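K.L.:
Under the numbering used here, think of the first position of the sequence shown as 63, with each following residue one higher. For each residue, glycine too, the CB sits at the ideal point set by N, CA and C. None of these values were measured; they are calculated from a predicted model.
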Amino acid sequence: MKEYQNQYSIDEMCHTLKVSRSGYYRYLSPEISPRGAETEKLNDEINRIYKKNKCRYGSPRVTVQLRNEGWRVGENRVARLMKNERLVGLHAKKKRITTTDSKHNGRIAPNLVKGLEVTAPNQVWVADITYIQTQQGWSYLAAVLDIYSRKIVGWQMATNMEASLVVSGLAKAIEDRCPPEGLIVHTDRGSQYVSEDYLELVKEHDLEASMSAKGNCYDNATMESFFGTLKTEEIWEREYKTHQEARASVFEYIETYYNRDRIHTSLGNQTPESFERFFSSPAGEEKNEHRGC
């Protein structure tokens, strides 16, 4: 690199050779100050966290992770070092295909979540559908999210948007969580959510169906946020050859990363699973046992 520094910039050579700027300068100047040594170590930790999270984290979340690991460091410094290392977090891209068909004669449920304060898991779930492109055609993802912890509690994928897709996703959530009577499941007015099979599943488990007002997706904003995050961090840069490849990608993201490892600023910089661990409800557990779950 030193030999070609008059022809190419340091940034270009580091990027091409996949080495860090700090590592190159360390090679040039092996004897550095204590502050320099600490910066080099910090750079190494930043690169580790960035790569561990598949280049998804920007400086705010990298800073949180560093602090969780005992570093006393400010976000401005982390942002500056990431800029020097050309480490950039992923940002949402605007692209949307309509998945809601509200032109039907099905029964519309009232909005039960407007103004409601959620104080515990399994009080309010939101459910929705999104799309994922593959070379075999569109795959559709139906997901169920717990408003309290932002955890994805159930999901299913299919090559169509029939009612069976959302029924299967909700059934998985019920099987895994065994929710108490009266839990609210909030959705948009899509035809899948007014289908006989879906409403029968809700009624069978003593849940309450809730729906947003026509043309108003505000109450489903948390789910929209999840879909945006999923596509930004996992999907947009991928080209899936098959539906199965897309499904495997979604499984890895939700089950091994999003619920377990991804820091959520809205949860006080905790993951959904760690946030739920701080909440205990013996009465709720007793009630669930009583329902035979």
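Run through the stretch 237 to 270 for me and flag every whole alpha helix (DSSP H) of 4 or more residues, listed as ranges in chain order.
P.N.:
258 to 266
K.L.:
Grouping DSSP H, G and I as helix and E and B as strand, with all else coil, what is arginine 353?
P.N.:
Residue placement at arginine 353 is flagged as unreliable, the pLDDT there being 49, under the threshold of 50; the coordinate-derived value follows with that caveat. In the structure shown, arginine 353 sits in coil (DSSP, three-state: anything other than H, G, I, E or B).
K.L.:
Would valine 206 pass as a contact of glycine 231 if the rule is Cβ separation under 8 Å?
P.N.:
yes
K.L.:
Tell me the residue span of the beta strand (DSSP E) that contains aspartate 208.
P.N.:
199 to 208
K.L.:
Taking its Cβ as the centre, do 16 or more other Cβ atoms sit within 10 Å of isoleucine 72, making it buried, or is it exposed?
P.N.:
Counting Cβ neighbours within 10 Å, isoleucine 72 comes out exposed, since fewer than 16 surround it.
K.L.:
For the beta strand (DSSP E) containing alanine 189, name the first residue and the last one.
P.N.:
186 to 196
K.L.:
Enumerate in chain order the residues of its own chain whose CB-to-CB distance from aspartate 268 is below 6 Å, with the five nearest sequence positions on each side excluded.
P.N.:
Glu243
K.L.:
Would you mind giving the Cβ-Cβ distance between valine 256 and isoleucine 170, rounded to the nearest angstrom? I have them listed as a contact below 8 Å.
P.N.:
About 7 Å separates the beta carbon of valine 256 from that of isoleucine 170, a gap short enough to meet the 8 Å contact definition.
K.L.:
On a CA-only basis, which of Lys213, Met219, Glu224 and Asn115 is nearest leucine 203? Give me that one, please.
P.N.:
Met219
K.L.:
Using only the alpha-carbon positions, how far apart do leucine 261 and tryptophan 217 sit?
P.N.:
17 Å
K.L.:
Span of the beta strand (DSSP E) holding methionine 219?
P.N.:
It spans 214 to 220 - the beta strand (DSSP E) in which methionine 219 sits, taken as one unbroken run.
K.L.:
How would you call glutamate 348, buried or exposed, if buried means at least 16 neighbouring beta carbons within 10 angstroms?
P.N.:
Low per-residue confidence applies at glutamate 348: pLDDT is 40, beneath 50, and the placement is therefore not dependable, though the value from the model is reported in the following sentence. Exposure of glutamate 348 is indicated by the presence of fewer than 16 other C-beta atoms within 10 angstroms of its C-beta.
K.L.:
Thinking C-beta only, is alanine 233 closer than 8 Å to valine 215?
P.N.:
no
K.L.:
Per DSSP, what kind of secondary structure is glutamine 69 in: helix, strand or coil?
P.N.:
coil
K.L.:
Among Thr327, Ser328 and Arg322, whose alpha-carbon lies nearest the alpha-carbon of serine 336?
P.N.:
Arg322
K.L.:
Answer yes or no: do arginine 118 and leucine 143 have a C-beta to C-beta separation smaller than 8 Å?
P.N.:
no
K.L.:
May I ask you to report which of helix, strand or coil DSSP gives glutamate 74?
P.N.:
Glutamate 74: helix per DSSP, three-state reduction.
K.L.:
State the start and end residues of the unbroken alpha helix (DSSP H) segment that holds alanine 283.
P.N.:
283 to 292
K.L.:
Between which two residues does the alpha helix (DSSP H) holding glutamine 127 run?
P.N.:
121 to 130
K.L.:
Hey, quick one: how far does the alpha helix (DSSP H) through aspartate 106 stretch, first residue to last?
P.N.:
For aspartate 106, the enclosing alpha helix (DSSP H) stretches over residues 96 to 114.
K.L.:
Which residues mark the beginning and the end of the alpha helix (DSSP H) in which leucine 143 is found?
P.N.:
137 to 146
K.L.:
Comparing alpha-carbon positions, which option in Tyr319, Arg239 and Asp106 lies nearest asparagine 184?
P.N.:
Arg239
K.L.:
With burial defined as no fewer than 16 other Cβ atoms inside 10 Å of the residue's Cβ, what is the status of phenylalanine 340: buried or exposed?
P.N.:
exposed
K.L.:
Quick one: Cα of leucine 128 to Cα of tyrosine 193, how far?
P.N.:
Take the alpha-carbon of leucine 128 and the one of tyrosine 193: they are about 34 Å apart.
K.L.:
Closest to leucine 178 by C-alpha separation, out of Ile246, Pro241 and Ile111, would be which residue?
P.N.:
Ile246
K.L.:
Is histidine 326 helix, strand or coil by DSSP?
P.N.:
strand
K.L.:
Can you check whether the CB of serine 272 is closer than 8 Å to the CB of proline 172?
P.N.:
yes
K.L.:
Check each candidate in Pro334, Thr125, Leu149 and Arg148 and name the one with the smallest Cα separation from arginine 139.
P.N.:
Thr125
K.L.:
Roughly how many whole angstroms lie between the Cα atoms of asparagine 331 and glutamine 69?
P.N.:
Answer to the nearest angstrom: the Cα atoms are 44 Å apart.
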